[in-house]
């Protein structure tokens, strides 16, 4: 299917938001809000290198390097193949990345922690949302007369159920807990609908509808579906009270992402606000950035951010820990187009 120029720009925005949100957040990774505001009293405007990781401006950390690995696997294989993706993640882990999550390390060494409710799947899965645009039916698009699309029909659509299954299968590679899988479904569904429609409210409604229907046709228990649905409702109603408590929990990252999606004046503003709260700022920034980019397109980010990502080459002589070219982000625009199909 030929994609519109608007869809392409939103796909670019989604992948740029993933990478730039990760990069901006890495500058203040794991710091509390008070320390972040002391470091950046006027706010965070430009992508800089991370002192913690020794990275370049615009350079991905583990969140977006795994996203790039997923994206390249989807493009190379023409779809999602769990064993191929797992092999890509294992190759990434073997490349001595600047950071990795403990649950990812354990899972890729054959010791999956089924109890973990960490955000490790959510932080990397945005390329599946771009790929998943092909599954979004016309019934999910905003109506010409302003009427709300039938989200119940969307949740029952076979294409959207296929995308939900892929989302759950991807999450299960490292984080099989039902709440992690359900969170990935809500997020990926929203990204795909956003790139297709450009409607922030439609993205939120799609996330709610699809996750609410999960217990009817999948192995996700109703109680875990309700946890994610309640998180989405809270994101619409209120700010997170504390970004340090449960900082890497999947629902913390999901809440912030949808809160920023619904309220931010621009994609750049939403990612900046995310980073200024501290906590797991790279993962939170990646998820918020991907959601906002999918809705508002690439032009809603500062030009400096795109320029930094497009020129980022973490090679020998430029960084203390050079990275293989597969994890360089410079080709994010053609990569997003190939994902879109």
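Residue numbers (the working numbering): 1 to 341. No residue lacks a Cβ here, since even glycine has one placed at the ideal position from N, Cα and C. None of the values given here were measured: they were computed from a predicted structure.
{"query": "Per-residue burial, residue 216 [other beta carbons within 10 Å of its own, 16 or more giving buried]", "result": "exposed"}
{"query": "Top-ranked residue by Cα proximity to residue 186, from 141, 46, 253 and 198", "result": "253"}
{"query": "Rounded separation between residue 267 and residue 289 - CA only", "result": "7 Å"}
{"query": "Residue 208 versus residue 319 - alpha carbon distance", "result": "42 Å"}
{"query": "According to DSSP, residues forming a beta bridge with residue 316", "result": "319"}
{"query": "Stretch-stretch touch, CB-based, cutoff 8 Å, three pairs: the region 113 to 128 with the region 167 to 185", "result": "yes"}
{"query": "Helix, strand or coil at residue 42 according to DSSP, with G and I counted as helix", "result": "coil"}
{"query": "Sufficient close CB pairs (3 or more, under 8 Å) joining the region 151 to 160 to the region 88 to 95", "result": "no"}
{"query": "Where residue 299 falls, given that 16 or more other Cβ within 10 Å makes a residue buried", "result": "exposed"}
{"query": "Alpha carbon of residue 245 to alpha carbon of residue 23, nearest angstrom", "result": "22 Å"}
{"query": "Three-state class that DSSP yields for residue 249 in the structure shown", "result": "strand"}
{"query": "For residue 118: DSSP bridge partner residues", "result": "249"}
{"query": "Extent of the continuous alpha helix (DSSP H) run through residue 238", "result": "From DSSP, residue 238 is part of no alpha helix (DSSP H); its letter is neither H nor E."}
{"query": "Identity of the residue in 44, 26, 10 and 3 nearest residue 273 by Cα", "result": "44"}
{"query": "Cut-off 7 Å between Cβ atoms - residues of its own chain near residue 71, not counting five sequence neighbours on either side", "result": "127, 335 and 339"}
{"query": "Same chain, Cβ closer than 6 Å to residue 228, five either side skipped, listed in chain order", "result": "182, 183, 186 and 211"}
{"query": "Candidates 255, 249, 201 and 169: closest to residue 220 by CA position", "result": "169"}
{"query": "Assigned exposure category for residue 41 - 16 Cβ within 10 Å defines buried", "result": "exposed"}
{"query": "Continuous alpha helix (DSSP H) stretch holding residue 197: start and end", "result": "178 to 197"}
{"query": "Option in 257, 236, 248 and 230 with minimal Cα separation from residue 191", "result": "257"}
{"query": "Sufficient close CB pairs (3 or more, under 8 Å) joining the region 321 to 334 to the region 51 to 61", "result": "yes"}
{"query": "Where the alpha helix (DSSP H) through residue 274 begins and ends", "result": "267 to 276"}
{"query": "CB of residue 13 within 7 Å of CB of residue 275, strictly", "result": "no"}
{"query": "Selected residue, minimal CA-CA separation from residue 63, among 279, 31 and 101", "result": "101"}
{"query": "Same chain, Cβ closer than 7 Å to residue 121, neighbours up to 5 away in sequence not counted", "result": "170, 171, 174, 175, 180 and 184"}
{"query": "Separation of residue 316 from residue 294, as counted between CA atoms", "result": "33 Å"}
{"query": "Nearest-angstrom Cβ-Cβ length linking residue 163 and residue 125, presumed shorter than 8 Å", "result": "At roughly 11 Å, the Cβ-Cβ gap does not stay under 8 Å, so residue 163 and residue 125 are not in contact."}
{"query": "CA-to-CA distance, residue 68 to residue 107, given in whole angstroms", "result": "19 Å"}
{"query": "Nonlocal neighbours in the same chain, by C-beta distance under 6 Å from residue 279, ignoring five residues either side", "result": "243, 244 and 247"}
{"query": "Beta-carbon separation (whole angstroms), residue 10 vs residue 297, contact threshold 8 Å", "result": "5 Å"}
{"query": "Among 54, 158 and 238, nearest to residue 132 - alpha-carbon criterion", "result": "158"}
{"query": "Endpoints, the alpha helix (DSSP H) within which residue 84 is located", "result": "82 to 93"}
{"query": "Closest by C-alpha distance to residue 287, when choosing among 55, 16 and 87", "result": "16"}
{"query": "Residue 283 beta carbon less than 7 Å from that of residue 28", "result": "no"}
{"query": "Residue 225 versus residue 204: straight-line alpha-carbon distance, rounded", "result": "15 Å"}
{"query": "Extent of the continuous alpha helix (DSSP H) run through residue 1", "result": "Here residue 1 belongs to no alpha helix (DSSP H), and DSSP marks it neither H nor E."}
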